[in-house]
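Single-structure report; data block below.
Protein chains in written order, with our numbering: chain A, 1096 to 1324; chain B, -12 to 788.
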């Protein structure tokens, strides 16, 4: 699914240079569920941004489905993301001016999917996320758990091959957190590749592998497949 | 897809109500002002365009030079030109000969004086099409004419005037053969009666053919389609050699110019222009002002939009994550701009419709019955709006892209240097407008209080009676009899009959005199007028040397009064030297005239013009002149009533039409007063829009600095210190704007003042006042919000963060 080789990311300002990633190599196969862990500032989010094609690495290679995507231009990255990668965030990141239905529909709008088809797919996804009854509500009318389910619905509505989740349960209580992790596991079982950044050992336990990052380097990879199976 | 953009745009505008409202208000104010200016510009540039094929109609103007110096630049041309145009210029489709005159028009006891009558020939209707409501024109016959619908109503009420007789001036009977629909107000043909010029021939006032010597007529032509102005002009100028060879003997040469109909109302400095009242430069200035107003409004709009997009960078980031491209973000921004613009345009259009007439009244503009091709207004409004919408959305999107949302950088604050620049630009414009307003009114005050060298207070002016028109010397006899009675009344101390009065442009501006004894030929630089022995006393002029005209007209034959400037032009070292000297008017068979008196220079016209050389002879004014009467006491009402009684006794058939000399004189400053009013309005508008912009930016600033303000307060900052922290940027911007605006305002005002031969100074305090007013209004705008932000409980803010 994705492969990165000696990926480096350096942030430069006028005065200082910060090495956020110092030569990371990783291979994620299709259908895998990966958790990335590590302390604050270790480069987790930088890595996730690069994997999600939101940013380019300073050096190194990034292959997505066999295509080198590490140095694509902004427009190419946008095109590549469409329908391939879904995002889930700790703070849900729903658009407040749009109701639940419209939020979930938006990726399909950008993909120029026909209105009738969009309606069908959004309704189906909302049903699956058990949030259909809230379709006309706005984000500020929903609980945190409900908002995250909407965010997941939006991430999966375009049937992406990979979902990138940045601490998806960070803002949720344990009950809602568990629901979200169950949903992600279910999506994974259906074949979606998931890369998740988390601080939570519990959430990481849902993954197949845990990548431990420290100061921009991978310091260990833990395989969990046996435990969960 | 567009639906979703519109829905989110509406919701976003609704959510940010205050900013949206400020945006809509700002843009509405700016657009309304722009629409007013646009309307006026369309009005001015549509003069006479309602005449079909107006671009093919021209007036023939003429210039004459002698030894390279101009002796005549005027709109009037010889009568023979009319026949030659008809006969010899194949490109001429139709032509007409006209003569404009102020007349007395009566129908029984109903009469109106000072009515503009245009005497025309049968070609008139082919050059200028009138919309006839009743009857038809028959200019082939003498003593026939047509009148406008409103004059028909005024003279005949609801009766049809067709076939009826109106009496012109002394009682000349003119048959009304038709009534035409009132011409729109934006025509240079400032006449409501068109009467056959054959009447002049009928009474023997002019011959059948006329001559090439006297440029007394206005000639118009309509060219055939496809004939160029240059081609026609070349043909017409061949007449100079062919028919005007006599000019060569006098060392003169003439040239004919064609001036297109829609341009005739622009002041071009020609003699005897009628209906010309607009300075084309002022229209260019107005256009600049209109565009500046619009620019301020759009600056405001862009400023607020970008401020909003900083706030919304998070939302934009999310959109990007789920697949939005730059185009999508631009489209979203475009649609939001579009909604605000459409709402503002709709509101502005409504305001424009409702406020147009009050606006026209405020500025004394005759917009009510004007020809306005509204398609032009809509077209320019659409262009202005589309340009604004597209550019503002592009700028807003670019500022979003620059914020780093699209590059993964976390700097979402954006660059604010440009935004500050825009606010400073608004303040600069406001300061320029304020200082402009002050200087305009300072100049008006200066002009109204300037010593003119004569006294025009307590002088009543009457339009000379038209009923005595054809009585020759009898007119003077009647005037003298009237004057005797006036002067026997204790209300009055002096009276005079003159061709023109102060404040009124002299009819003869290019009179030429030579001084044979010294061989001095100053050229055609003298303005001449008719006056009598009452002139000096009525206007309290100072006689520097010599004597006044005699009370007995016969003693004044071939004697003239001149002013000091004339004496100087004629090479006299002092006034006394001129007395008793003879000078000779140029032209055929002119007799020498003797200078019997020299009066001190005075301002015959407003301070736009320098004092010019003037000459007065003792002829009684024709076409009908003015009677000026100096009143002895301050009880004007009583004096006017008394004067009316005397006037009616002597001229029972003429309406008593009076005005005051000082009012007439100050009417010359009408356009300055209007300009001043316009500046006040612009100042208010630009300040309001700038304040709205400042207010919007302040909200944005406070929003951004919420946490910092909280932290400062927790750490012991006083309310005043927090306010200073918030206000200091606005103070700094005003200071920068002041520094930029002062030289610009100085330059603009200096340029404006150079239009006046005599003008006020640009004092330093004008800029200080303009700066202080702007500072005061800026602080007033920001202080309430900054106070609110300063007294807010910091715990609330920090808890939220």
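Where a beta carbon is used, it is the ideal one built from N, C-alpha and C, also for glycine.
Asked, Found
"List the whole-angstrom C-beta distance separating residue 431 of chain B from residue 756 of chain B, where the pair is believed to meet the contact cut-off of C-beta under 8 Å.", "Contact doesn't hold; Cβ gap of about 17 Å is too wide."
"So residue 57 of chain B is in the beta strand (DSSP E); what residue range does that whole segment cover?", "56 to 61"
"For residue 1262 of chain A, would you say it is in contact with chain B, using Cβ-to-Cβ distances shorter than 8 Å as the test?", "no"
"According to DSSP, simplified to helix, strand and coil, what is residue 1164 of chain A?", "coil"
"Checking 8 Å against the spacing of the C-beta atoms, do residue 488 of chain B and residue 448 of chain B come in under that value?", "yes"
"Keeping to the same chain, check which residues put their C-beta closer than 8 Å to that of residue 769 of chain B; ignore five residues upstream and five downstream.", "681, 682, 685, 713, 714, 717"
"Since residue 519 of chain B and residue 633 of chain B should fall inside the 8 Å C-beta cutoff, what is the C-beta to C-beta distance between them, to a whole number of angstroms?", "With 8 Å as the limit, residue 519 of chain B and residue 633 of chain B do not qualify as a contact, their Cβ atoms being about 18 Å apart."
"What's the C-alpha gap between residue 341 of chain B and residue 331 of chain B?", "15 Å"
"Tell me whether residue 777 of chain B is buried or exposed, calling it buried when 16 or more other Cβ atoms sit within 10 Å of its Cβ.", "buried"
"Please determine, among B:417, B:142, B:319, the residue with the shortest C-alpha to C-alpha distance to residue 762 of chain B.", "B:417"
"Using C-beta distances below 7 Å, list every residue in its chain close to residue 173 of chain B, excluding the 5 sequence neighbours before and after it, in chain order.", "30, 33, 34, 357, 358"
"Can you name the residues of chain B whose CB is closer than 8 Å to the CB of residue 1282 of chain A?", "Under the 8 Å cutoff, chain B gives no residues; its nearest Cβ is about 17 Å from residue 1282 of chain A."
"Less than 8 Å separating the beta-carbons of residue 179 of chain B and residue 102 of chain B?", "yes"
"At 8 Å on the CB atoms, spell out the chain B contacts of residue 1202 of chain A, in chain order.", "309, 310"
"Taking C-beta pairs closer than 7 Å, name the residues in chain B that residue 1177 of chain A reaches, listed in chain order.", "310"
"Can you find a CB in chain A that lies within less than 8 Å of the CB of residue 389 of chain B?", "no"
"Which first and last residues belong to the alpha helix (DSSP H) in which residue 564 of chain B is found?", "562 to 565"
"So is residue 2 of chain B in contact with chain A if we call contact Cβ pairs under 8 Å?", "yes"
"Give me the residue from B:109, B:94, B:606 with the minimum Cα distance to residue 147 of chain B.", "B:94"
"Is the Cβ of residue -2 of chain B closer than 8 Å to any Cβ of chain A?", "yes"
"Any C-beta of chain A sitting closer than 8 Å to the C-beta of residue 383 of chain B?", "no"
"Using a C-beta to C-beta distance shorter than 9 Å, which residues of chain B count as neighbours of residue 1192 of chain A?", "-6, -5, -4, -3, -2, -1, 1, 2, 302"
"Between the beta-carbon of residue 384 of chain B and the beta-carbon of residue 317 of chain B, is there less than 8 Å?", "yes"
"Helix, strand or coil: which one does DSSP assign to residue 395 of chain B?", "The predicted position of residue 395 of chain B is uncertain, since its pLDDT is 47 and thus under 50; a value taken from the coordinates is nonetheless stated next. In this structure, residue 395 of chain B counts as coil in the three-state DSSP scheme."
"First and last residue of the beta strand (DSSP E) that includes residue 1128 of chain A?", "1128 to 1132"
"Per the contact definition of three or more C-beta pairs closer than 8 Å, is the region 1276 to 1292 of chain A in contact with the region 1132 to 1147 of chain A?", "yes"
"For the alpha helix (DSSP H) containing residue 680 of chain B, list its first residue and its last residue.", "657 to 691"
"In the DSSP assignment, the alpha helix (DSSP H) including residue 777 of chain B goes from what residue to what residue?", "751 to 777"
"Assuming residue 720 of chain B is part of the beta strand (DSSP E), what are its boundary residues?", "Element bounds for residue 720 of chain B: not the beta strand (DSSP E) but the alpha helix (DSSP H), 706 to 740."
"Pull up the DSSP beta-bridge partners for residue 99 of chain B, would you.", "B:92"
"State buried or exposed for residue 585 of chain B, treating a residue as buried only when at least 16 other CB atoms are found within 10 Å of its CB.", "buried"
"Could you check the C-alpha separation between residue 66 of chain B and residue 567 of chain B for me, to the nearest Å?", "38 Å"
"Could you give the distance in angstroms between the alpha-carbon of residue 139 of chain B and the alpha-carbon of residue 107 of chain B?", "19 Å"
"If the cut-off is 7 Å on Cβ atoms, which residues from the region 1158 to 1176 of chain A count as contacting chain B, listed in chain order?", "1169, 1170, 1173, 1176"
"Can the beta-carbon of residue 597 of chain B be found closer than 8 Å to that of residue 744 of chain B?", "yes"
"Please say whether residue 202 of chain B and residue 55 of chain B have beta carbons closer to each other than 8 Å?", "no"
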